[in-house]
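Student:
Numbering (the numbering used here), first residue to last: 150 to 380.
1. Using 8 Å for Cβ pairs, my map puts residue 248 next to residue 224. What's the rounded Cβ distance?
2. Which residue or residues does DSSP assign as beta-bridge partners of residue 335?
3. If you measure between the beta carbons of residue 302 and residue 287, is that distance less than 8 Å?
4. According to DSSP, simplified to helix, strand and coil, what is residue 330?
5. Does the segment 255-263 touch the segment 157-171, meaning 3 or more C-beta pairs lie closer than 8 Å?
6. I need the boundaries of the beta strand (DSSP E) containing residue 210, first residue and last residue.
7. Compare the C-alpha of residue 360 against each of 210, 183 and 277 and name the closest.
8. At what residues does the alpha helix (DSSP H) containing residue 240 begin and finish?
9. Quick one: Cα of residue 285 to Cα of residue 202, how far?
10. If distances are taken between C-alpha atoms only, which option among 296, 256, 348 and 271 comes closest to residue 193?
11. On a CA-only basis, which of 232, 299 and 307 is nearest residue 317? Give me that one, please.
12. So, using beta-carbon positions, are residue 187 and residue 156 closer together than 8 Å?
13. Quick check: the segment 310-326 against the segment 341-350, are there 3 or more CB pairs under 8 Å?
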């Protein structure tokens, strides 16, 4: 069973408490550093059931480069935190923690469907979970939360920086994962550099818009939720 690096951190119950905790946790994040050897890549996604009022999470691990799946784990939790943009990790996180505890082998890097540091307070889901799990994480978001960028070429594999419009800080990278398909927004979660975050994402791209670990997790959690709903 995978353990948390920071098991004693309490989970806020209100948006006000969560905002305060985000500001505190950002100061505790580890520095960005080069990613070491990767023999196991993880993907994580969540799905909300309005019918059941619960959040479901799926975590899958596989060999690098879209290789064979090694393990899958599931989690779920009550959706008892309100839906607030910028605070989604507090709504989705408990289910992710539940899935993490059901995992036997820890991945060397984890691709999360959500934001990393491309976040108003630099603490999106991927960053929050990377801090708690103690593993390098990458935010692979399908939409932009903050930031601006210049024109992006149509071809697969092209990137442009995602910038903070006020400070010019680089928040992440906009990545064309398939030719003529809407881009992904890649940002550092925790424990690696943006260059490595983009490199790992590129290495996991196949025939689909999402990198393979995140795509597998998406399919798994959707199926898991529908089973719970009795569909």
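Even glycine gets a Cβ: it sits at the ideal position worked out from N, Cα and C.
Tutor: Per the coordinate set shown:
1. Residue mapping note: residue 248 aligns to position 99 of the chain shown, counting from 1. Residue mapping note: residue 224 aligns to position 75 of the chain shown, counting from 1. Their Cβ separation, rounded to whole angstroms, is 3 Å, which keeps residue 248 and residue 224 in contact under 8 Å.
2. As a first step, residue 335 must be located in the chain shown, where it is residue number 186. According to DSSP, which records beta bridges pairwise, residue 335 is partnered with 289 and 322.
3. As a working note, residue 302 is residue 153 in the chain shown. As a working note, residue 287 is residue 138 in the chain shown. No.
4. Locating residue 330 in the chain shown gives position 181, counting from the first residue. Coil, per DSSP.
5. no
6. Working through the chain shown from its first residue, we reach residue 210 at position 61. Where residue 210 is concerned, the enclosing beta strand (DSSP E) stretches over 203-211.
7. For the purposes of this step, residue 360 is taken as residue 211 along the chain shown, with counting starting at 1. Measuring from the Cα of residue 360, the nearest candidate turns out to be 210.
8. If you number the chain shown from 1, residue 240 lands on position 91. Taken as a continuous stretch (DSSP letters only), the alpha helix (DSSP H) holding residue 240 covers 237-250.
9. Residue 285 sits at position 136 when you count from the first residue of the chain shown. Residue 202 sits at position 53 when you count from the first residue of the chain shown. If I take the Cα positions, the gap works out to 30 Å.
10. Stepping through the chain shown from its first residue, residue 193 is reached at position 44. Among 296, 256, 348 and 271, the Cα nearest to that of residue 193 belongs to 256.
11. Stepping through the chain shown from its first residue, residue 317 is reached at position 168. Of the listed residues, the one whose Cα sits closest to residue 317 is 299.
12. Here residue 187 refers to the residue found at position 38 of the chain shown. Here residue 156 refers to the residue found at position 7 of the chain shown. No, they are not a contact pair.
13. Yes, since at least three Cβ pairs between the segment 310-326 and the segment 341-350 fall closer than 8 Å, the two stretches touch.
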